[in-house]
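Position one of the sequence shown corresponds to residue 1364 (the numbering used here), numbered consecutively onward. Single-structure report; data block below.
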Amino acid sequence: MESTDKIIKVNFTEVDIFVLLGFSDQSNIKSLLFCIFLIIYTSILIGNGLIILIIKFDQALQTPMYFFLGNFSFLEICYTSVTLPRMLKDFWNKNRDISLLSCAIQLCFFLILGVTECLLLTVMAYDRYVAICKPLYYPLIMNHKTCVQLVVGAWISGIPIQIGQVYQLFSLTFCDSNKLDHVFCDFPPLLKLACGDTTMNEISFYADALLFGVVPFLLILNSYIRIITTILRLPSELGRSKAFSTCSSHLIVVSLFFISASISYFQPKSNQSRGTGKVLSLFYTIVTPLFNPMIYSLRNKDFIISIKKLLY
1364 MESTDKIIKV NFTEVDIFVL LGFSDQSNIK SLLFCIFLII YTSILIGNGL
1414 IILIIKFDQA LQTPMYFFLG NFSFLEICYT SVTLPRMLKD FWNKNRDISL
1464 LSCAIQLCFF LILGVTECLL LTVMAYDRYV AICKPLYYPL IMNHKTCVQL
1514 VVGAWISGIP IQIGQVYQLF SLTFCDSNKL DHVFCDFPPL LKLACGDTTM
1564 NEISFYADAL LFGVVPFLLI LNSYIRIITT ILRLPSELGR SKAFSTCSSH
1614 LIVVSLFFIS ASISYFQPKS NQSRGTGKVL SLFYTIVTPL FNPMIYSLRN
1664 KDFIISIKKL LY
């Protein structure tokens, strides 16, 4: 009887520290992975930082489109800084422990910035819609005050709900195992370690994903259907080409972010092999911010001119 009680106590010991497994199974190449992710993080900081500086100091880029792009680049720096420095530390050190509080803070910032990214991409799509579909009203609709309000709304709208989500999750008891099989603290892998019935948490999480993920995507899709319809009606081929070029960069970024995120969060657990979630999470948290400067600068004549001015 005594031994049974001991087993029960061991099995249901509350967890107060998690161990982020990350890529621990690739320990033989951890130095290589550290160098790769350090180069990626440095490239994200430099690339997006350059976009912010160019937009700030080039008078030709003081338009709503570039105002939103500057904010988006700043967001990308913040978004990757929530996860990448910690990953680099884990590659460098053998100790992969993270306290419940640190894990909760990381998850909270990750969710808030993820929601901001969805909303800011929606705002940028709306800006392109107004510019192409209602060009005569564009200066009136997208005035400076409206642009600031849209950006502030994108940054703060998700804060209360995401804090509530994280509080609700960490109000649960974590037991049996403290090994978090992920590269950072994310909702689904944490939920796997929780004791008891987590049905309400899952419903809450997917409702949140629907509100801040699916709805913005549908709004972006609606904007681009209207944009493409308007572009196809343009009589000039040159006009159609110019209109498409102003939207294509944003459309590429939207596709990269939403497709990888939706596969990661909405793929059935039975179809998801071990490690797939980690790779997909890296895709939308690292690859999109990495390619963002290249996508916007190399496909944008105004940016190329501004970069040439800066260099020469």
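Here a beta-carbon is modelled for each residue, glycine too, at the ideal position from N, C-alpha and C.
Residues near residue i in its chain [Cβ-Cβ closer than 8 Å; skip 5 each side]
i     : result
M1428 : M1487, D1490, R1491, A1494, T1609
K1433 : In the sequence as displayed, the identity of residue 1433 is Gly instead of Lys. Once the five neighbours on either side are set aside, the close Cβ partners of G1433 are I1414, I1415, I1418, K1419.
S1406 : L1653
Q1525 : C1471, L1474, I1475, V1478, D1571
Q1528 : L1474, F1550, S1567, F1568, D1571
S1618 : none
Y1500 : V1493
Extent of the continuous alpha helix (DSSP H) to which residue i belongs
i     : result
F1537 : No alpha helix (DSSP H) contains F1537, which DSSP labels as neither H nor E.
M1505 : That residue, M1505, is in no alpha helix (DSSP H); it is neither H nor E in DSSP.
I1649 : Careful: I1649 lies outside any alpha helix (DSSP H) and carries neither H nor E.
T1330 : The structure shown does not extend to residue 1330, since the chain spans only 1364 to 1675, so no value can be given for it.
F1550 : 1550 to 1555
Segment limits, beta strand (DSSP E) that includes residue i
i     : result
F1454 : Taken as a continuous stretch (DSSP letters only), F1454 belongs to no beta strand (DSSP E), being part of the alpha helix (DSSP H) at 1427 to 1455.
I1403 : Here I1403 belongs to no beta strand (DSSP E); instead the alpha helix (DSSP H) covers 1393 to 1420.
V1382 : 1380 to 1383
Nearest neighbour of residue i, chosen from the options [CA to CA]
i     : options                    : result
V1616 : L1483, R1589, S1567        : L1483
L1470 : P1552, C1481, L1643        : P1552
D1379 : T1536, N1585, G1477, L1673 : T1536
F1575 : T1561, P1523, D1560        : P1523
F1454 : M1505, G1385, N1564, S1618 : G1385
T1426 : H1507, Y1442, L1438, F1437 : H1507
L1645 : V1514, F1431, Y1442, A1423 : Y1442
F1607 : E1439, C1496, M1450        : C1496
Y1464 : C1548, Y1501, S1520, S1444 : The question names Tyr, but residue 1464 in the sequence shown is Leu. Checked all of C1548, Y1501, S1520, S1444; the closest Cα to L1464 is C1548.
N1411 : I1519, V1650, T1592, R1596 : V1650
G1559 : C1538, L1597, Y1500, S1520 : C1538
G1521 : P1498, C1510, C1481        : C1481
I1583 : H1613, A1557, L1597        : H1613
V1546 : R1449, L1401, M1657, L1499 : R1449
K1393 : S1444, N1456, E1600        : N1456
V1577 : F1629, L1597, E1600        : F1629
P1579 : I1658, A1517, P1598, C1466 : A1517
Contact under 9 Å by Cβ, residue i with residue j
i     : j     : result
F1550 : L1474 : yes
L1383 : L1543 : yes
S1669 : D1421 : yes
R1603 : I1594 : yes
L1447 : I1399 : no
L1643 : S1660 : no
F1437 : N1655 : no
E1565 : L1554 : yes
F1306 : N1541 : The first residue shown for the chain is 1364 and the last is 1675, placing residue 1306 beyond what the model contains.
L1401 : L1451 : yes
Nonlocal neighbours in the same chain, by C-beta distance under 6 Å from residue i, ignoring five residues either side
i     : result
Y1647 : F1620, S1623, A1624
F1666 : S1660
L1424 : I1418
F1430 : C1510
Y1530 : none
T1561 : L1554
K1672 : none
DSSP three-state assignment for residue i, whether helix, strand or coil
i     : result
D1665 : helix
S1462 : strand
K1497 : coil
L1470 : helix
L1597 : coil
F1375 : Confidence at F1375 is low in this model, with a pLDDT of 46, below 50, so its placement is unreliable and no value can be given for it.
Contact set for residue i: own chain, Cβ-Cβ below 7 Å, skip 5 residues either direction
i     : result
L1408 : I1440
L1513 : V1486
N1458 : none
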